[in-house]
Amino acid sequence: MVADVEEEEGPLPPYVIEHARSGRSKCKICKRKIDKGAVRLGVLVEGPFGSGYMWHYLSCAAKKMYERVEEAYAMNAWEAAQDPPDPADLPTLEELKVIAEKAAADREKKERERKTMPYAEIAPSNRSKCKQSGEPIPKGAVRIVLGKEAHFGNQVRTAPFAVLPVHLHDALEDPEIPQDPATLAEELRENSRGVDPDSLEEAIAEAGL
Ligand SMILES: [Zn+2]
Numbered sequence: 001m002v003a004d005v006e007e008e009e010g011p012l013p014p015y016v017i018e019h020a021r022s023g024r025s026k027c028k029i030c031k032r033k034i035d036k037g038a039v040r041l042g043v044l045v046e047g048p049f050g051s052g053y054m055w056h057y058l059s060c061a062a063k064k065m066y067e068r069v070e071e072a073y074a075m076n077a078w079e080a081a082q083d084p085p086d087p088a089d090l091p092t093l094e095e096l097k098v099i100a101e102k103a104a105a106d107r108e109k110k111e112r113e114r115k116t117m118p119y120a121e122i123a124p125s126n127r128s129k130c131k132q133s134g135e136p137i138p139k140g141a142v143r144i145v146l147g148k149e150a151h152f153g154n155q156v157r158t159a160p161f162a163v164l165p166v167h168l169h170d171a172l173e174d175p176e177i178p179q180d181p182a183t184l185a186e187e188l189r190e191n192s193r194g195v196d197p198d199s200l201e202e203a204i205a206e207a208g209l
């Protein structure tokens with residue numbers, strides 16, 4: 001966090017909207033560099049080494065934290081700037097709200113489309129391999145995707161582990177695949193939209209579930 005914070009002096013307002021005074025800041029959200037002179041929104045953070053601003057492009061901030069943009073506009077945050085933009089040149093709150101709502105809708109859509117593991121799916125190409133056996137999975141075949149835990153320091157992330165039904169049982173031996181075999185068939189029926197029921201039942205039978 002410290003790297004994105006520029007040092008300031010004196011009591012600081014919670015928000016500032018300004019022309020970037022240097023080209024060193026990065027947008028906290030998209031990670032792109034903010035060019036000197038570009039309009040940026042600073043959100044005050046109190047850290048162990050003092051206070052400073054985290055910087056954002058206005059449009060990025062609108063996507064991720066519209067309420068804060070609203071607050072910044074409500075307190076005319078440009079008035080706190082050393083190099084203030086002309087408020088008339090800034091996007092209006094209404095425009096930023098449109099961006100915010102579109103971003104929220106996109107996130108919701110993605111969330112809905114995200115598949116819940118375990119699930120079965122049809123291999124869209126010949127390029128994937130059964131993670132358990134290394135065999136290629138033919139295009140159009142049913143593959144079963146289990147969640148496999150990957151450890152990064154203290155964090156555990158669950159990554160998809162796609163297998164051919166015939167190799168499913170071996171995959172279930174893996175301690176990093178915490179899948180209860182007893183409920184697997186039912187979970188697959190629940191989670192596998194996009195596979196026709198007959199093919200799914202065939203795969204479940206082939207897997208010996
Ligand atoms: Zn950004």
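Counting along the sequence shown from 1, when you hit position 12 you're at 12 in this note's numbering, and nothing is skipped either side.
Even glycine gets a Cβ: it sits at the ideal position worked out from N, Cα and C.
The structure presented is a predicted model; accordingly, all values stated were derived computationally and were not measured.
- Counted as a single uninterrupted DSSP element, the stretch harbouring SER51 is not any alpha helix (DSSP H) but the beta strand (DSSP E) occupying residues 50 to 56.
- Note that the stretch 113 to 133 touches the stretch 141 to 149; at least 3 beta-carbon pairs, one per stretch, sit closer than 8 Å.
- Here SER25 is buried, its C-beta having at least 16 other C-beta atoms within 10 Å.
- In the three-state scheme derived from DSSP, where H, G and I count as helix and E and B as strand, ALA81 is classed as coil.
- Sequence-distant partners of LYS129 (beyond 5 residues in either direction) whose C-beta falls short of 8 Å from its own C-beta, in its chain, are GLU135, PRO136 and ILE137.
- A contact is defined here as three or more CB-CB pairs under 8 Å, and the stretch 76 to 85 fails this definition with respect to the stretch 93 to 110.
- Of all alpha-carbon atoms in HIS19, ASP86, ALA74 and PRO87, the one lying nearest the alpha-carbon of HIS56 is that of HIS19.
- Taking GLU206 as the centre and dropping the five residues before and after it, the same chain places the C-beta of PRO165 and VAL166 closer than 8 Å to its C-beta, in chain order.
- The closest heavy atom of ligand 1 lies less than 8 Å from the beta carbon of TYR57.
- Within the same chain, Cβ atoms closer than 7 Å to the Cβ of PRO84 are found at GLU18 and TRP78, the five residues on either side in sequence being excluded.
- By alpha-carbon distance to GLU187, the top candidate from ASP35, ASN76, LYS115 and TYR73 is LYS115.
- For THR183, the enclosing alpha helix (DSSP H) has its first and last residue at 181 to 191.
- Around VAL156, the same chain offers GLU149 and ALA150 as residues with beta carbons nearer than 8 Å, after the five sequence neighbours per side are excluded.
- For ARG107, the CB stays at least 8 Å from every heavy atom of ligand 1.
- The C-beta separation of GLU71 from TYR15 comes to about 7 Å, placing the pair in contact by the 8 Å criterion.
- One alpha carbon belongs to LEU168, the other to PRO91, and they sit about 54 Å apart.
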